[in-house]
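Shown next, in structure tokens, is the structure this report addresses.
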Amino acid sequence: MAVLSFREALNQAMTEEMERDDRVFLMGEEVAEYDGAYKVSQGMLKRFGPRRVVDTPISEEGFAGIGIGAAMVGLRPIVEFMTFSFSLVAFDQIVNNSANMRYMSGGQFDMPIVFRGSSGMAGQLGATHSHRPEAWYAQVPGLTVLTAATPADAKGLLKSAIRSDDPVVFLEHEVLYPQKGEVPDGEHLVPIGKADVKRPGEDVTLITYSRPLKETLAAAEELAAQGIDAEVIDLRSIRPLDMETLTRSVVKTHRAVIVEENWPYCGLGAGVADRIYRAVFDELDAPILRVASSDAPIPYNKRMESSMLPSVPRILAAVDQVTYR
Numbered sequence: 000m001a002v003l004s005f006r007e008a009l010n011q012a013m014t015e016e017m018e019r020d021d022r023v024f025l026m027g028e029e030v031a032e033y034d035g036a037y038k039v040s041q042g043m044l045k046r047f048g049p050r051r052v053v054d055t056p057i058s059e060e061g062f063a064g065i066g067i068g069a070a071m072v073g074l075r076p077i078v079e080f081m082t083f084s085f086s087l088v089a090f091d092q093i094v095n096n097s098a099n100m101r102y103m104s105g106g107q108f109d110m111p112i113v114f115r116g117s118s119g120m121a122g123q124l125g126a127t128h129s130h131r132p133e134a135w136y137a138q139v140p141g142l143t144v145l146t147a148a149t150p151a152d153a154k155g156l157l158k159s160a161i162r163s164d165d166p167v168v169f170l171e172h173e174v175l176y177p178q179k180g181e182v183p184d185g186e187h188l189v190p191i192g193k194a195d196v197k198r199p200g201e202d203v204t205l206i207t208y209s210r211p212l213k214e215t216l217a218a219a220e221e222l223a224a225q226g227i228d229a230e231v232i233d234l235r236s237i238r239p240l241d242m243e244t245l246t247r248s249v250v251k252t253h254r255a256v257i258v259e260e261n262w263p264y265c266g267l268g269a270g271v272a273d274r275i276y277r278a279v280f281d282e283l284d285a286p287i288l289r290v291a292s293s294d295a296p297i298p299y300n301k302r303m304e305s306s307m308l309p310s311v312p313r314i315l316a317a318v319d320q321v322t323y324r
């Protein structure tokens, strides 16, 4: 298999889909002449031309609305936000229009649009550029919300998102862009709504997604040295959620810890825990615990920001609690 960076995997996914279907096009801030703010669209303008790789002004509500209109008339737009913190300017378009159009039109309009771009705490970007909006968007019926943690999943999930007839919010953690990994050659699709067991185990289920997967796998290795066999599940699909994989694991291990970069108050992990409780409450031998970011705006200071993130010691401490050590 080829070894690609996360950004190269995303580029490959978009390129392959644009070659496969001439209705697919990319639009957003700096995607064309500058090759993308994070070089995800590098070389695509030269390959496809300015009608299919379109630079936009810094006007998220405007170009998100243009993308929605294009999807309604049969095109398949990929709308890139330079950062998903900027998507808040287009919240009305994404939530009120793209998510509701199929329902409010009685099924007359499909909405094959992908909203993608960087998200997460990426290193001293401050409170207004470090949002993790997965819980906000996952609450909205009609939206699909996806996030990958590896280059292989980034390519396979994005290709599936582009082929979907429903609106997809596709979140790419900024610190993952340079990370490298093996990506299957040829046609590679990851199904929407399917989690992945990244590490099988018997004693405790660690549920995570996106950037914290790295810390969660590292914690699982430390736990193994202590005689605790942790199963690590990468959600990949936030909405829809793969409850079958989650409940099967918790029935096996009888314990669960959710690791997320989201805020704890009304965070995504709270919704996941609620669903597990209602599905397999009698199988649990301990309360479900969550390791989340600190409940505060994101500071600019590097050490303060780092202290807010889920870490290996915090994950180990949570596992100590659910295993009653």
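All residue numbers for the sequence shown refer to numbering that gives the first Met the number 0, where the first residue is 0 and numbers rise by one. Even for Gly, the Cβ is constructed at its ideal location relative to N, Cα and C. Quantities reported herein were computed from a predicted structural model and do not represent experimental measurements.
- Here DSSP, grouped into helix, strand and coil, assigns D165 to coil.
- For A229, the three-state secondary structure derived from DSSP is strand.
- With respect to F169, R115 sits close: the two C-beta atoms are nearer than 7 Å.
- Within its own chain, the residues whose Cβ lies closer than 7 Å to the Cβ of R22, once the five positions on either side in sequence are excluded, are G73, L74, R75, listed in chain order.
- When DSSP states are grouped into helix, strand and coil, P56 belongs to the coil group.
- The beta carbon of A317 lies closer than 7 Å to those of V256, L288, V290 in the same chain, with the five residues before and after it left out.
- M26 counts as buried, since at least 16 other C-beta atoms from the protein chains shown sit within 10 angstroms of its C-beta.
- In terms of Cα proximity to T207, the closest of I65, F280, D184, E133 is E133.
- Per DSSP, the beta-bridge partners of A255 are T204.
- DSSP lists V53, V78 as the beta-bridge partner residues of M26.
- Annotation: P49 to E28 spans about 13 Å, alpha carbon to alpha carbon.
- Here the alpha carbons of F5 and P111 stand approximately 23 Å from one another.
- Closest by C-alpha distance to I57, out of T215, A89, V311, S40, is A89.
- The C-alpha of F85 lies about 45 Å from the C-alpha of G226.
- By alpha-carbon distance to D273, the top candidate from L245, W262, N300 is L245.
- Around the beta carbon of R19, fewer than 16 other beta carbons lie within 10 angstroms, which makes this residue exposed.
- Separation of Q11 and K154 (C-alpha to C-alpha, rounded to the nearest whole angstrom) is 7 Å.
- Per DSSP, the continuous beta strand (DSSP E) segment holding G116 begins and ends at 113-118.
- Of all alpha-carbon atoms in A1, A69, L216, E171, the one lying nearest the alpha-carbon of S209 is that of E171.
- Annotated three-state conformation of V144 is strand, per DSSP.
- Three or more pairs of CB atoms, one per stretch, sit closer than 8 Å, so the region 233-250 contacts the region 138-152.
- In the DSSP annotation of this structure, G192 is not part of any beta strand (DSSP E), being labelled neither H nor E.
- A223 has its alpha-carbon roughly 39 Å from the corresponding atom of M13.
- Cβ contact annotation for A121 (same chain, cutoff 6 Å, sequence separation greater than five): E173, V174, in chain order.
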